[in-house]
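Residue numbers (our numbering): 131 to 514. Beneath this line is the structure, given in structure tokens, with notes to follow.
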Amino acid sequence: MNKKGIAVLGSTGSIGTQTLDVVRAFPDRFDIVVLTCGSNATLLVEQALEFLPQAVVVIDEAQFEFVKVKLSHTAIAVYSGMQALEEVVQFEEIDVVLNAIVGAAGLRPTIKAIENGKDIALANKETLVVAGELVMGLASQHQVQMLPVDSEHSAIFQCLAGEETNPIEKIYITASGGPFRGKDRSFLASVTKEHALKHPNWVMGAKITIDSASLMNKGLEVIEAKWLFDLEVDQVDVIVHPQSIVHSLVQFQDGSIKAQLGVPDMKLPIQYALSYPHRLENNFERFNFLDYPQLTFEKPDLHTFRNLALAYDSLRKGGNRPCVLNAANEIVVDAFLKDKISFLGMSDVIETVLEKVNYLARPSLDDYIECDYAARRIAEEIIN
Ligand code: NAD
Ligand code: MG
131 MNKKGIAVLG
141 STGSIGTQTL
151 DVVRAFPDRF
161 DIVVLTCGSN
171 ATLLVEQALE
181 FLPQAVVVID
191 EAQFEFVKVK
201 LSHTAIAVYS
211 GMQALEEVVQ
221 FEEIDVVLNA
231 IVGAAGLRPT
241 IKAIENGKDI
251 ALANKETLVV
261 AGELVMGLAS
271 QHQVQMLPVD
281 SEHSAIFQCL
291 AGEETNPIEK
301 IYITASGGPF
311 RGKDRSFLAS
321 VTKEHALKHP
331 NWVMGAKITI
341 DSASLMNKGL
351 EVIEAKWLFD
361 LEVDQVDVIV
371 HPQSIVHSLV
381 QFQDGSIKAQ
391 LGVPDMKLPI
401 QYALSYPHRL
411 ENNFERFNFL
421 DYPQLTFEKP
431 DLHTFRNLAL
441 AYDSLRKGGN
451 RPCVLNAANE
461 IVVDAFLKDK
471 ISFLGMSDVI
481 ETVLEKVNYL
491 ARPSLDDYIE
501 CDYAARRIAE
511 EIIN
């Protein structure tokens with residue numbers, strides 16, 4: 131059997147390290163061709179020495195010498211800088227690029243990989259939030275698979291297996307509700323990053339953890355789902371499900387609903403994206419119904435968690451709105467993590483930025499990059 135060649139972008143992060151856990155368990159099936167990180171050079175070197183890829187990229191140029199020296203006795207090529215990401219994803223030996231970078235920084239490497247015929251295992255939801263129409267158009271043009279890693283989208287993707295000729299009536303994306311589920315705005319006014327970083331069901335990178343607390347993550351996932359599954363906005367519903375066992379659901383035209391269930395563990399959607407269309411035997415924890423005698427569902431509170439409403443609104447307006455929403459959100463989350471802005475202040479800034487950046491109905495890639503930059507600058511001005 132030919133091994134599947136895999137590039138892991140963002141290999142040192144939460145999804146990246148779990149991807150390597152999956153790969154480690156199937157040495158006969160997967161082969162790591164490229165590993166990349168932002169600045170965690172020590173972990174990147176450790177991973178490179180274990181998986182012996184052809185190349186590694188460390189985005190932070192200050193870490194380049196360190197990585198180069200540490201890998202000098204190997205045949206592994208070492209690169210640095212964002213441009214290098216767009217080069218390494220083109221390597222012939224790569225079949226799938228698993229993009230686990232955080233933020234809009236993941237967009238250009240995804241596009242380059244698609245243009246070179248690589249299938250995409252996509253954790254980096256921001257790619258589709260910023261430029262979903264453009265990216266999905268390129269994917270269909272180059273006939274590459276977009277394989278979701280996000281657990282909700284993987285659930286929907288799994289429910290759709292075998293249903294290729296059956297139209298979707300609607301989908302339900304489940305949301306845990308995060309650490310502040312059930313709280314009101316007066317409570318949220320004084321919450322700190324320490325509160326927000328304590329997610330009830332998942333351990334993830336800092337940015338997505340804050341996004342989960344503010345429900346922006348669900349907003350980004352609604353946008354991601356619209357493009358991945360080619361839906362109208364009104365076909366994408368969010369339902370709060372605090373136990374995070376039902377990972378999402380699809381309703382078909384006869385009213386039948388299919389759901390995918392399991393314990394919350396990102397290794398399963400990662401593995402399915404890499405092994406698709408096959409399922410591989412593993413020893414991950416199994417779900418026990420008696421541990422969860424009650425699975426509950428409730429309506430999301432869009433008044434308290436305005437980010438979700440802002441995301442729906444941006445998606446309805448379309449064009450560059452989701453790109454602006456995402457860029458502003460990246461800045462406010464970073465500011466919140468640095469104690470420069472309050473939890474509720476995040477939505478206020480995003481809303482103002484959405485008002486200030488000019489609307490573009492059909493942006494090109496360059497337009498998206500300019501709007502992303504403009505939105506970041508305006509958000510920073512407001513915060514400082
Ligand atoms: P993380 O912060 O743990 O890891 C991010 C990775 O990207 C790291 O390897 C980091 O070095 C690298 N990186 C950071 N900034 C970069 C930049 N500007 N350019 C290139 N590389 C950069 O994040 P994560 O939690 O693993 O999330 C990664 C992506 O997956 C996000 O888009 C997130 O929304 C999505 N996702 C994560 C989870 C999860 O459970 N963690 C679940 C679903 C979706
Ligand atoms: Mg998710």
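Using N, Cα and C, we set each Cβ at its ideal position, and we do this for glycine too.
* Classify glycine 335 as helix, strand or coil using the three-state DSSP reduction. => coil
* To do: Verify whether the separation of the beta carbon atoms of alanine 518 and alanine 230 is less than 8 Å.
  => Residue 518 cannot be examined here, being either before or after the span of the chain that is shown, 131 to 514.
* Asked: Could you give the distance in angstroms between the alpha-carbon of leucine 179 and the alpha-carbon of cysteine 289?
  -> 38 Å
* For cysteine 167: DSSP bridge partner residues -> Val188
* Backbone secondary structure at aspartate 249 - three-state DSSP -> DSSP places aspartate 249 in strand when its eight states are reduced to three.
* Asked: Would DSSP call alanine 137 helix, strand or coil?
  -> strand
* To do: Assess, as a yes-or-no matter, whether the segment 282-299 is touched by the segment 342-360 under the definition of 3 or more beta carbon pairs within less than 8 Å.
  => yes
* **For valine 259, three-class secondary structure by DSSP** => helix
* To do: May I ask whether a heavy atom of the ligand NAD can be found less than 7 Å away from the beta carbon of glutamate 256?
  => Yes, the Cβ of glutamate 256 comes within 7 Å of a heavy atom of the ligand NAD.
* Asked: Beta-carbon separation of glutamine 184 and alanine 207 under 8 Å?
  -> yes
* To do: Check whether the Cβ of serine 344 lies closer than 7 Å to any heavy atom of the ligand MG, and answer yes or no.
  => no
* Asked: Regarding serine 494 and the ligand MG, is the C-beta to nearest heavy atom distance less than 7 Å?
  -> no
* the segment 323-330 / the segment 223-238 touching (three or more Cβ pairs under 8 Å) -> no
* Asked: Roughly how many angstroms lie between the CA atoms of alanine 171 and valine 164, to the nearest whole one?
  -> 14 Å
* **DSSP three-state assignment for isoleucine 375, whether helix, strand or coil** => Three-state result, isoleucine 375: coil.
* isoleucine 387 in three-state terms, based on DSSP -> Isoleucine 387: strand per DSSP, three-state reduction.
* To do: Pull every residue with its beta-carbon under 7 Å away from any heavy atom of the ligand MG, and keep them in chain order.
  => Asp280, Ser281, Glu282, Asn347 and Glu351
* DSSP three-state assignment for threonine 147, whether helix, strand or coil -> Look at threonine 147 here: in three-state DSSP terms it is helix.
* **Beta-bridge partners of glutamate 428, as assigned by DSSP** => According to DSSP, glutamate 428 bridges with Val370.
* Taking the Cβ atom as the reference point for each residue, do valine 152 and lysine 397 lie within a distance shorter than 8 Å? -> yes
* Should proline 423 go down as buried or exposed, given a rule of 16 or more other Cβ atoms within 10 Å for buried? -> exposed
* Bridge partners of lysine 300, per DSSP? -> For lysine 300, which the question treats as bridged, DSSP gives the partners Gln381.
* Asked: Taking contact to mean at least 3 C-beta pairs separated by less than 8 Å, is the segment 494-507 in contact with the segment 446-464?
  -> yes
* Asked: Taking only runs of the alpha helix (DSSP H) that begin and end inside the segment 392-465, which ones reach a length of at least 4 residues, in chain order?
  -> DSSP runs (the alpha helix (DSSP H)) wholly in the segment 392-465: 397-405 and 436-447.
* To do: Identify which residue in Ile303, Ser344, Glu354 and Asp497 has its Cα closest to the Cα of isoleucine 375.
  => Ile303
* Could you tell me the boundaries of the alpha helix (DSSP H) in which serine 281 lies? => 281-290
* Grab me the residues of glutamate 191's own chain with a C-beta within less than 8 Å of its C-beta, minus the 5 sequence neighbours each way, in chain order. => Ser210 and Gly211
* Contained alpha helix (DSSP H) runs [length at least 4] in the segment 189-214, N- to C-terminal order -> 194-200
* Helix or strand or just coil, what does DSSP make of alanine 326? -> helix
* Inter-residue CB distance, glycine 135 and glutamate 223 (contact presumed, cutoff 8 Å) -> 4 Å
* To do: Under 8 Å by Cβ, that's how I've got leucine 174 and threonine 149 pegged, so tell me the actual separation to the nearest angstrom.
  => Not really, about 14 Å apart at Cβ, beyond 8 Å.
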